[in-house]
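Colleague: I'd like to ask some things about the structure below.
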Amino acid sequence: MEYIVYEQKGEYAIVTISREKALNALNSAVLEELDKVLDEVDLETVRCLIVTGAGQKSFVAGADIGEMSNLSKAEGEAFGKKGNDVFRRLEKFPIPVIAAVNGFALGGGCELSMSCDIRICSENAVFGQPEVGLGITPGFGGTQRLARLVGAGMAKQMIYTARNIKAEEAYRIGLVNGVYPQEELLPAAEKMAAGIAKNAPIAVRNCKRAINEGLDVDMDEALIIEEKLFGNCFETEDQKYGMAFFLDKNKEKVKAPFQNK
Ligand code: CAA
3 MEYIVYEQKG EYAIVTISRE KALNALNSAV LEELDKVLDE VDLETVRCLI VTGAGQKSFV
63 AGADIGEMSN LSKAEGEAFG KKGNDVFRRL EKFPIPVIAA VNGFALGGGC ELSMSCDIRI
123 CSENAVFGQP EVGLGITPGF GGTQRLARLV GAGMAKQMIY TARNIKAEEA YRIGLVNGVY
183 PQEELLPAAE KMAAGIAKNA PIAVRNCKRA INEGLDVDMD EALIIEEKLF GNCFETEDQK
243 YGMAFFLDKN KEKVKAPFQN K
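Number 263 marks the last residue of the sequence shown (my numbering); no jumps.
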């Protein structure tokens, strides 16, 4: 692949968007490669993904403005669908995805981070939806996910004003879960990924589904989704082992890794 670097490190993997000369902006080729790299994730062994950008300046500076500049109405809609499809795939990807936002996360970059389960960022990160300043709406899910993450009022203010916000403000409004010095960002994401990977993988996946699917329906339906996924865990070997380990009073024992079964 030309624009995506994929590295598996034991039980987690790192997807790096690498188009540094354009601050990792998303053109069609990058979006297609992002889709393709998800096919390559070995879900038998990889239990958490990290998405980040190459370099120390930018996570993703948005959709590619050059590519969008001459689109027709139909082409604009198709380009929006291309981004939405891959971001939705990431959002619904069976394992947790952490965005390690290492700099600019503007437009499609902010939208990419919001399609991940968890966002942490570097101190130099900048978030924003600057689209109305370019004569367009956010087009890769920004009007929907930002409002769900930070509330409609704050999302509308950010989107209508096209004002960028710095890391500390993103933290204050709940857009990111933590802010780190640049050199500590990836290690922090890797530590989090390794921590997630230690837990029972089927239970973690079921949690992701329960939270995501539950947010799209009313509470009664949401609790039924949870009950079914909770029940599903009792068919797994990891539940049998995890509970038997807890109940075993032999204090010398060492917990074995979960088997993903
Ligand atoms: N698309 C295409 N190229 C981009 C880009 C983008 N979104 N962002 C940056 N680049 C390119 C620049 O054109 C420049 O290329 P050249 O060296 O060939 O001139 C290179 O990356 C470096 O950028 P700058 O020289 O501008 O760097 P800077 O440090 O002065 O500024 C910046 C950084 C503030 C992020 C600025 O580049 C910028 O404002 N970028 C655009 C941000 C933006 O508006 N993003 C939203 C795009 S619309 C969108 O994403 C729609 C959607 O929802 C799907």
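The C-beta atom is built at its ideal place from N, Cα and C for all residues, glycine as well.
Would you say glutamate 133 touches the ligand CAA, meaning its beta carbon is less than 7 Å from a heavy atom?
Modeller: It does: the Cβ of glutamate 133 is within 7 Å (strictly closer) of some heavy atom of the ligand CAA.
Colleague: At 4 residues or longer, and completely inside the stretch 84 to 116: list those alpha helix (DSSP H) runs for me, N to C.
Modeller: The stretch 84 to 116 contains these whole alpha helix (DSSP H) runs: 110 to 116.
Colleague: From the DSSP output, which residues share a beta bridge with alanine 65?
Modeller: Answer is Leu28.
Colleague: Residues in its own chain within less than 7 Å of leucine 33 by CB, not counting five upstream and five downstream?
Modeller: Closer than 7 Å at the Cβ level, and outside the excluded window around leucine 33, lie Lys84, Gly85, Val88.
Colleague: Does the Cβ of phenylalanine 106 lie closer than 7 Å to at least one heavy atom of the ligand CAA?
Modeller: Yes, the Cβ of phenylalanine 106 comes within 7 Å of a heavy atom of the ligand CAA.
Colleague: How long is the line joining the alpha carbons of glutamine 131 and lysine 230, rounded to whole angstroms?
Modeller: Whole-angstrom Cα-Cα distance: 37 Å.
Colleague: Kindly indicate which three-state DSSP category tyrosine 182 falls into: helix, strand or coil?
Modeller: Tyrosine 182 falls in the strand class under three-state DSSP.
Colleague: Could you pull the DSSP bridge partners for glutamate 121 from this structure?
Modeller: The residue asked about is misnamed: residue 121 is arginine in this sequence, not glutamate. According to DSSP, which records beta bridges pairwise, arginine 121 is partnered with Ala101.
Colleague: On the premise that alanine 199 lies in contact with arginine 49, defined as a C-beta separation below 8 Å, what is that separation, rounded to the nearest angstrom?
Modeller: Confirmed, Cβ separation roughly 4 Å.
Colleague: Would the beta-carbon of glycine 55 fall within 8 Å of that of glycine 105?
Modeller: Yes, they are a contact pair.
Colleague: Compute every distance between the C-beta of glycine 141 and the non-hydrogen atoms of the ligand CAA, then say whether any falls below 7 Å.
Modeller: Yes.
Colleague: How would you call tyrosine 182, buried or exposed, if buried means at least 16 neighbouring beta carbons within 10 angstroms?
Modeller: Buried, since its Cβ has 16 or more Cβ neighbours within 10 Å.
Colleague: For isoleucine 167, name the three-state secondary structure that DSSP assigns.
Modeller: The answer is strand: DSSP assigns isoleucine 167 an E or B state.
Colleague: Following a CB-centred definition, is alanine 56 positioned closer than 7 Å to any heavy atom of the ligand CAA?
Modeller: It does not: the Cβ of alanine 56 is nowhere closer than 7 Å to a heavy atom of the ligand CAA.
Colleague: Could you please give the first and the last residue of the uninterrupted beta strand (DSSP E) stretch that includes alanine 276?
Modeller: Residue 276 lies beyond the stretch modelled for the chain, which goes from 3 to 263, so this question has no answer here.
Colleague: Using a threshold of 7 Å, is the CB atom of glycine 78 nearer than that to any non-hydrogen atom of the ligand CAA?
Modeller: Not under cutoff, so the answer is no.
Colleague: Counting along the chain, where does the beta strand (DSSP E) carrying glutamine 131 start and finish?
Modeller: Where glutamine 131 is concerned, there is no enclosing beta strand (DSSP E), given that its DSSP letter is neither H nor E.
Colleague: Which residue's Cα is closest to the Cα of isoleucine 19: Ile97, Gly82, Gly110, Ala80?
Modeller: The residue with the shortest Cα to Cα distance from isoleucine 19 is Gly110.
Colleague: Using only the alpha-carbon positions, how far apart do alanine 27 and serine 115 sit?
Modeller: Approximately 13 Å, taken between the alpha carbons.
Colleague: Nearest-angstrom Cα distance between leucine 148 and isoleucine 161?
Modeller: Distance between the alpha carbons of leucine 148 and isoleucine 161 is about 9 Å.
Colleague: Is the beta carbon of glutamate 4 sitting closer than 8 Å to the one on glutamate 46?
Modeller: Not closer than 8 Å, so no.
Colleague: Could you spell out where the alpha helix (DSSP H) holding leucine 217 opens and where it closes?
Modeller: Its alpha helix (DSSP H) spans residues 203 to 217.
Colleague: Apart from the five residues on each side of it in sequence, which residues of its chain come closer than 7 Å, Cβ to Cβ, to leucine 177?
Modeller: If we look at leucine 177 and ignore the five residues flanking it on each side, its Cβ neighbours are Arg121, Phe129, Leu151, Val152.
Colleague: Compute the Euclidean distance between the alpha carbons of alanine 24 and asparagine 234, then round it to the nearest angstrom.
Modeller: Answer to the nearest angstrom: the Cα atoms are 45 Å apart.
Colleague: Keeping to the same chain, check which residues put their C-beta closer than 6 Å to that of alanine 205; ignore five residues upstream and five downstream.
Modeller: Excluding sequence neighbours, alanine 205 sits near Cys235.
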